Each structure stands twice: as structure tokens, then as C-alpha cells.
Amino acid sequence: MHIFHQNITALSRKLLIVFSIIIFIPFLEGEVSIRHSLLSEVVYESFMDYVYGFSFPEADSMLQKLEKHKDINSVIPTMKYNYAWWAILSGYNVEENIKKCNVQTDKTISYLNRLDNPGVDQQINLINAYILKVRLESYLNNKVSTIPILFKALNRIKDLINNSDNSDSRLLILGLYYYFVDYIDDKYVLAGPILKKYPKGNRDLGLKYLRKCLESENHLVEIEANYFLYKIYFDLEKKYQSAFINIDHLHKVYPNNLVFSYELFKTMKRMENNKANSLKNEVLSQIYSSETLVISQKTHFISLFNQYDDNR
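Residue numbers (the numbering used here): 0 to 311.
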């Protein structure tokens, strides 16, 4: 019943998106703030639904259609860098998408930094762009390069903490802030003096905020909260049963997302779950028979699954 409900919910989201695009886009006139209009939020969620669902051709097609409408050009770089990031994680045109991800995050950051008196949504978009930039540099093992970007993000988050906005998007960022500032302060002695200029971290409070985001009516916030909690429990706290709950949920919502499938497989192996190999065989069969994945993506994930088994 739970899975059936999830499928109906996903279908409802996509129908709402299609309806919104057909009905509203032809009537866009004047300046429209992408995060301050119902259409923009629905379209953005729809786009990310395609990306999370590994429906890259549909996401790409959607981008091409939206680029024709100058009124929403400000959000296009954000959509493009999210597309590029997940393309990288999927093993698709990695070098090209690394360049695109850099270009589009820089565009987003440059645009949002030029705004006078940005609203909370725009502040959050800027912080998210900085965070993605940090993740990209970490992916490339450019650890030193992440430091100045991280402090730019922290300065913006510091301002966000003092804001009275009660949105779930803000709560998600504060949850990450409180957890990781406390974690870094505890694990890296040299970071202590530097972090004193920022509000004190609190891992318990951070986890509380992130768990609260699991109940968010904002679908993207709920998905991101599940993913970040998974990474915290798996990579940092080694609480594999807790990690399993979050990644299993993501796998059920987006069964075609091979990143989620692979992370679920890793977690099950750590738990010594006897169903791990069955999941691996099921996903590999899915990969082999896929008509939408390109060769580089298939090779990437087949290699990940097999190498993890070998390394264990």
C-alpha cells in the first residue's frame, strides 16, 4: 500500500507539471521570480523529479523548452548545474559536465550576489549553489579549493540563522549547519578558533532539524533531508541501520536512480543483509536491459557494483 501511494503521488506530481507547463508558460509576462511563483516551484520540482528519477532525456527536453522564456532565465543556471551534477554522478559525459557544473554554479552565484536586499528564497538558492560548488570540488579532490567557498557559504548561513523565516528549506540548511559545524569543531582541533566567529554548532539540534524535514510537504526538501541523513549515518556515524531507513526510502521513491540503488546495496552489505546480492543482481539486470542509459553510464555502475564486492 505504501509503495502504491508513492507511485500515485509521483504520478500526480508529473501530471501537475505537465498541466502547469501547457497552461501557464504561454502567459508568462513581465518579471517573474522563479521561487516566488506557483508555476516556478511546480516546474522546478518537476524538473528535479526527472533528474532524481534518472529521466535525463526528459529533463534535458524540459530545459530546452524553458530556455525560450526569458522571464524565468534566472533559474535556468540552477537547473543546469543540478542536471550536470547528477549527470556526473551517473557517469555521463563526466568531464564535459564538470565544466558545465562549474560554469552554471558560477552564473547562479554571480547573479544572486548582485541582488539588492535578496529575499530568503534567494539567500537559500545562493547557499545551495555554494554547497554544490563545495561538493564538486570535493568530488575532484580539490580539498584546498573548498575552503574559501565554504566560508562564503557560512557567512550567508550566519545571516540566515538571524532570519525569522520558518520555511522547511531554511530548516534543512540550518540542520546541516548545526550538525557539521559541531562535527568539524570536534574532529579538527585547528578549525576551532576559525569557527568561533560563527554561531555554535549542535549535532543533536542539527539532526532534530533534519529529521523534522523528513515530514516536509516540500517534496524536494524531504528528499534532500533523507539523502543528507543517509550520508551522515553511513559515512560519519557508522549507524548502518539508521542509514538503511533513509536510503531504502529514496530507493523506493526513485527506483531508477542508480546512485540510490548503489548506496542501498553498500548499506546492506555493511549490515550483512543476505538480500544485498539479490538487489545487486536485480539492479544489474535493470542496467543491462535499459534503453535510456548510455554505455558510459552502464559501465560506470556495473564497475561500481562489482568493485565494491571485490573490495569487500
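Beta carbons: idealized from backbone N, C-alpha and C, even for Gly.
In this text, all values refer to a predicted model and were calculated from it rather than measured experimentally.
Take residue i and list the residues in its own chain whose beta-carbon comes closer than 7 Å to its own, dropping the five residues that flank it on each side.
i, result
"residue 100", "80, 83, 84, 87, 135"
"residue 113", "none"
"residue 259", "246, 249, 250, 253"
"residue 50", "58, 81, 82, 85"
"residue 255", "52, 53"
Between the alpha carbons of residue i and residue j, how many angstroms are there, rounded?
i, j, result
"residue 103", "residue 215", "28 Å"
"residue 59", "residue 196", "42 Å"
"residue 251", "residue 76", "29 Å"
"residue 120", "residue 275", "40 Å"
"residue 296", "residue 280", "17 Å"
"residue 363", "residue 149", "For the chain, the structure presents residues 0 to 311; residue 363 sits outside this window and is missing."
"residue 62", "residue 116", "28 Å"
"residue 236", "residue 243", "13 Å"
"residue 140", "residue 147", "15 Å"
"residue 201", "residue 212", "17 Å"
"residue 193", "residue 287", "49 Å"
"residue 290", "residue 307", "25 Å"
For residue i, collect the residues of the same chain with a Cβ closer than 8 Å to its Cβ; drop the 5 residues on either side in sequence, then sort them by chain order.
i, result
"residue 126", "152, 155, 156, 159, 172"
"residue 298", "90"
"residue 207", "174"
"residue 137", "145"
So for residue i, helix, strand or coil by DSSP?
i, result
"residue 304", "helix"
"residue 66", "coil"
"residue 399", "The requested residue 399 does not occur in the structure, where the chain is confined to residues 0 to 311."
"residue 255", "coil"
"residue 168", "helix"
"residue 295", "helix"
"residue 118", "coil"
"residue 56", "helix"
"residue 127", "helix"
Within 10 angstroms of its Cβ, does residue i collect 16 or more other Cβ (buried), or is it exposed?
i, result
"residue 111", "buried"
"residue 277", "exposed"
"residue 223", "buried"
"residue 174", "buried"
"residue 257", "buried"
"residue 205", "buried"
"residue 128", "buried"
"residue 220", "buried"
"residue 189", "exposed"
Would you kindly report the start and end of the unbroken alpha helix (DSSP H) that includes residue i?
i, result
"residue 146", "142-160"
"residue 80", "75-88"
"residue 205", "202-212"
"residue 316", "Absent from the structure is residue 316, since the part of the chain shown begins at 0 and ends at 311."
"residue 233", "It is not in any alpha helix (DSSP H) - residue 233 carries neither H nor E in the DSSP assignment."
"residue 192", "191-194"
"residue 282", "275-288"
Given 6 Å as the limit, tell me if residue i has its C-beta closer than that to any heavy atom belonging to the ligand FMN.
i, result
"residue 164", "This structure does not include the ligand FMN; it has no bound ligands of any sort."
Could you pull out every residue in the same chain whose Cβ sits closer than 6 Å to the Cβ of residue i, ignoring the five residues on either side in sequence?
i, result
"residue 198", "160"
"residue 217", "167"
Could you tell me whether any Cβ in chain D is nearer than 7 Å to the Cβ of residue i?
i, result
"residue 148", "Of the chains in the structure shown, none is chain D; there is only one protein chain."
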